[in-house]
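Sequence lines, in order, name chains A and B.
For what it's worth, my numbering labels the leading residue of the first sequence as 1, then goes sequentially.
For what it's worth, my numbering labels the leading residue of the second sequence as 285, then goes sequentially.
Glycine included, every Cβ here is placed at the ideal spot set by N, Cα and C.
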Amino acid sequence: MALSLDESSSESPITIIRPSRGWVSLDLRDLWEYRELLYFLVWRNIKVRYKQTVLGAAWAILQPVLTMVVFSVFFGRLANVPSDGFPYPIFNYTALLPWQLFARAVTDSSNSLVTNQRLITKVYFPRLVIPISAVLAGLVDFGIAFLVLLGMMFYYRIRLTVYIWTLPLFILLAMGAALAVGLWMSALNVKYRDVHHIVPFITQLWFYATPIAYSSSLVPEGFRALYGLNPLVGVVEGFRWALLGSQAWGTRTLVVVSALAVVLLLVGGLVYFRRMERTFADVV
Amino acid sequence: MNGVAIRVANLGKQYDLNGKRERYATLRDALADAVSTPFRRLRSGLSRRSDVQRADDNTIWALQNVSFEVKRGEVVGVIGPNGAGKTTLLKILSRITEPTKGYAAIRGRVGSLLEVGTGFHPELTGRENIYLNGAILGMRRAEIHRKFDEIVAFAEIRKFIDTPVKRYSSGMHMRLAFAVAAHLEPEIMLVDEVLAVGDARFQKKCLNKMQDVGQEGRTVLFVSHNMPAITRLCERTILLDQGGLSADGPSPKVVSAYLNSGFGTAAVREWPDATKAPGGEVARLRAVRVRTEDGQIADSLDIRRPVGVEMEYDVLKPGRVLLPNFHFYNEQGVEAFAANDLDPDWRGRPRPAGRYVSTAWIPGNLLTEGTLFVRSALIAVDPIIVQFSVGEAVAFRVIDSIDGGDSARGDYAGPMRGVVRPLLQWSTQFTPHGRGSVELSTEKAEA
Chain A
1 MALSLDESSS ESPITIIRPS RGWVSLDLRD LWEYRELLYF LVWRNIKVRY
51 KQTVLGAAWA ILQPVLTMVV FSVFFGRLAN VPSDGFPYPI FNYTALLPWQ
101 LFARAVTDSS NSLVTNQRLI TKVYFPRLVI PISAVLAGLV DFGIAFLVLL
151 GMMFYYRIRL TVYIWTLPLF ILLAMGAALA VGLWMSALNV KYRDVHHIVP
201 FITQLWFYAT PIAYSSSLVP EGFRALYGLN PLVGVVEGFR WALLGSQAWG
251 TRTLVVVSAL AVVLLLVGGL VYFRRMERTF ADVV
Chain B
285 MNGVAIRVAN LGKQYDLNGK RERYATLRDA LADAVSTPFR RLRSGLSRRS
335 DVQRADDNTI WALQNVSFEV KRGEVVGVIG PNGAGKTTLL KILSRITEPT
385 KGYAAIRGRV GSLLEVGTGF HPELTGRENI YLNGAILGMR RAEIHRKFDE
435 IVAFAEIRKF IDTPVKRYSS GMHMRLAFAV AAHLEPEIML VDEVLAVGDA
485 RFQKKCLNKM QDVGQEGRTV LFVSHNMPAI TRLCERTILL DQGGLSADGP
535 SPKVVSAYLN SGFGTAAVRE WPDATKAPGG EVARLRAVRV RTEDGQIADS
585 LDIRRPVGVE MEYDVLKPGR VLLPNFHFYN EQGVEAFAAN DLDPDWRGRP
635 RPAGRYVSTA WIPGNLLTEG TLFVRSALIA VDPIIVQFSV GEAVAFRVID
685 SIDGGDSARG DYAGPMRGVV RPLLQWSTQF TPHGRGSVEL STEKAEA
């Protein structure tokens, strides 16, 4: 039987549905077609995030600020952890900002396919929209918490550096890293609910492997290349560099290594996700 | 003009039952399997035969070798018993799941409606959910914006448009959801059993809207158990059974073939062939029907209104006292109640041969929401001999009027349990603290 459907009759698009085999293309054009849905899902995630909470969006400030206070007391005051010559609170808070963006995005995107299983089993759209929207929704919290940072910089009389324009790149890097992890985890989560238990554990370990409470200059020289493979090291040091003008050590090399790590993880995650995508509706 | 909109060829979908049963496999099992598989392969002489055999044992073909074509502008019904593959077919055509075999080609923008209200978020307002749900169903923002007022009017919820939908009654919720769906304008519409909910009046409104859809030259594939709706809306119907296509033709023909084939439950069941009808030499059952109080055959009935269940039977051998009876079972298989014929004209009176129609009227405000399956039986008394007893002869759905407030539900919109749901008289006495008693009583129920 011929595949064509009477080509002459109209210009309507033809969709061919057949079993896919082996590796599939990323089909980012399809994703672009569904950009409005992406927009609405991000908007929904933001809207419902603090619904039925007493403090509402204040949580976006409270979480990093309280964490910063606790760290400042124990690490900054009591343990006297060096902070590259900056007041410990601001040194810590500058790192907490991208960290919380990352950690929240990882958690939300990892669970995103499972929490949206009703959508997945009832409607077609590129499944990538779901973890991506979970990652993007975190930007609002980040923006709110960022205002506190500006206030703190004013208080400590730290002037913005000229490199502030590079900040979006580091934000992008943090979200790229979160999406990469989120793609792997969400796709695995569809089949293996272990992921639900693994993710909090991973983020906890990851927190200590990232120079948030301490400076990366504490890491011995010989381990630094390895250390840079943690993309969040590049992100955090990039933040400190762009906002405070810190020169911990070889920030540039670190950022390049981290960016490469993110790209590799992300490409792997995209390929794996697309490969698993066809079974999501059957398995979830 | 009359191009083909949907072409399906040898479409098949295999499900892994193992995968389904152990839905949430653990990572540990997968790792263990990954380690042991290569060894198993080695042991079986590097052949993959064992894997193939294993696959055969644990899989099921939900759909197999299905081929058909739908012309542009055609409205085609899809019917069949549960598990026949109807939903699987729609899921493949709407690209939610992939086929295992064969292919389908679709010309035009596809809108699928496997469920109304997909993606509704309880915390968001009606207005917000219209946009969200519209986007999920594939509408552009501008398109939703343009149709917004029309959608709100159709749903009849203007007053509550800025209220979170979690405060909606389930009727309002459903009306809003359907209103969005009804305003989709894809070239091809795939609709699953979505009319099964809601009060009868709104159902009718939705059916009319769907009819308009068909008349606008849109292609529609419509899965339903609602046979009257199928015959009214669709000129052509496809019957699926056990994953295969078992009939394809004009709706009245396919529908009656389906209803008389014994599978499927509907509001009507007829046995046109007297020799194959249930029963024996004394009596044979010829038809069972469910009717509304105005005599319409219906498979969805208002909880507040009486339901008539009738059996038509031939008495072939005269002279026996016969007792028609019905048994009503809910979805869980619990027998809600049984009823014996009490017609004074025929109680204890031997019956002459002929055609009889015995009808039992179940009063309104007795049954609970949900589907009821009717066993239709006839016994001869003295001695008691069962002449026929047909389980699931017919089935009908009881639908609560969720917004009226005059059913036993009152102002509560949540789930209610129980086998029956009678409307009771309520009164409340009120005594303020520290004062003489003031008698106030409220009565909710109508006579």
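CB contact check: residue i to chain A, cutoff 8 Å
i        : result
B/Gly403 : yes
B/Tyr299 : yes
B/Ile376 : yes
B/Pro396 : Note that residue 396 of chain B is Ser in the sequence shown, not Pro. Output row for B/Ser396: interface = yes.
B/Glu306 : In this prediction, B/Glu306 has a pLDDT of 44, which is less than 50 and means its spatial position is unreliable; nothing more can be read from the coordinates.
B/Arg391 : yes
B/Glu596 : no
B/Glu471 : yes
B/Arg332 : In this prediction, B/Arg332 has a pLDDT of 43, which is less than 50 and means its spatial position is unreliable; nothing more can be read from the coordinates.
B/Lys431 : no
Sequence-distant residues of the same chain with beta carbon closer than 7 Å to residue i, five excluded per side
i        : result
B/Met423 : Leu468
A/Thr67  : Leu96
Any C-beta of chain B under 8 Å from that of residue i
i        : result
A/Gln52  : yes
A/Arg44  : yes
A/Thr121 : yes
A/Leu37  : yes
A/Ser296 : Given a span of 1 to 284 for chain A in the structure shown, any question on residue 296 of chain A remains unanswerable.
A/Met1   : For A/Met1, the pLDDT reaches just 39, beneath the cut-off of 50, and the residue's location in the model is therefore unreliable, although a value from the coordinates is still provided. It does: the Cβ of A/Met1 has a partner Cβ on chain B nearer than 8 Å.
A/Tyr227 : no
A/Arg252 : no
A/Tyr214 : no
8 Å Cβ shell around residue i - same chain, five flanking residues per side excluded
i        : result
A/Leu173 : Pro231, Gly234, Val235, Gly238, Val255, Ser258, Ala259 and Val262
A/Asp27  : Pro126 and Arg274
B/Phe610 : Val593, Met595, Ala622, Ala623, Ala644, Val658, Arg659, Ser660 and Ala661
B/Asp578 : none
B/Ile522 : Phe352, Val360, Gly361, Val362, Ile363, Leu529, Ala531, Asp532 and Val538
Within chain A, partners of residue i - CB distance below 9 Å
i        : result
B/Ala388 : Thr15, Ile16, Ile17 and Arg18
B/Arg424 : Glu36
DSSP three-state assignment for residue i, whether helix, strand or coil
i        : result
A/Ala225 : helix
B/Ile472 : strand
B/Ile514 : helix
A/Asn92  : helix
B/Tyr299 : strand
B/Trp345 : strand
B/Lys431 : helix
B/Asn413 : helix
A/Leu37  : helix
B/Pro716 : coil
B/Leu523 : strand
A/Phe170 : helix
A/Leu243 : helix
A/Tyr124 : coil
A/Phe86  : coil
B/Asp666 : coil
A/Ile164 : helix
B/Arg681 : strand
B/Asp598 : strand
A/Lys51  : coil
B/Leu651 : strand
Contact list for residue i against chain B, beta-carbon separation under 8 Å
i        : result
A/Val48  : His405, Glu407 and Leu408
A/Ser72  : Under the 8 Å cutoff, chain B gives no residues; its nearest Cβ is about 35 Å from A/Ser72.
A/Arg29  : Result: empty, since nearest Cβ-Cβ is about 15 Å, beyond 8 Å.
A/Tyr272 : Chain B residues near A/Tyr272: none, gap ~14 Å exceeds 8 Å.
Contact set between residue i and chain A, taken where Cβ atoms lie within less than 7 Å
i        : result
B/Thr381 : Ala281 and Asp282
Nearest-angstrom beta carbon gap, residue j and residue i [assumed within contact, 8 Å]
i        : j        : result
A/Tyr156 : A/Pro82  : Actually they are not in contact, since the Cβ atoms of A/Tyr156 and A/Pro82 sit about 17 Å apart, beyond 8 Å.
B/Thr503 : B/Glu358 : 6 Å
B/Pro406 : B/Val362 : B/Pro406 to B/Val362, Cβ: 31 Å. No contact.
B/Arg604 : B/Val566 : 6 Å
B/Ala368 : B/Gln580 : Going by Cβ atoms, the distance from B/Ala368 to B/Gln580 rounds to 27 Å, so no, they are not a contact pair.
Own chain residues within Cβ distance below 6 Å of residue i, not counting five before or after
i        : result
B/Val574 : Ala551, Val593, Val678 and Phe680
B/Gly501 : Gly357
Chain B residues whose Cβ lies nearer than 7 Å to that of residue i
i        : result
A/Phe40  : Tyr415, Leu416 and Ala419
A/Arg127 : Neighbours of A/Arg127 on chain B: none; closest Cβ ~10 Å, over 7 Å.
Heavy atom of the ligand SAH within 7 Å of residue i beta-carbon
i        : result
B/Leu398 : Questions concerning the ligand SAH fall outside what the structure shown contains, since it holds no ligand whatsoever.
Proximal residues of chain B, C-beta to C-beta of residue i below 9 Å
i        : result
A/Arg278 : Thr381 and Glu382
Proximal chain A residues relative to residue i, where beta-carbon distance stays under 8 Å
i        : result
B/Lys385 : Pro19
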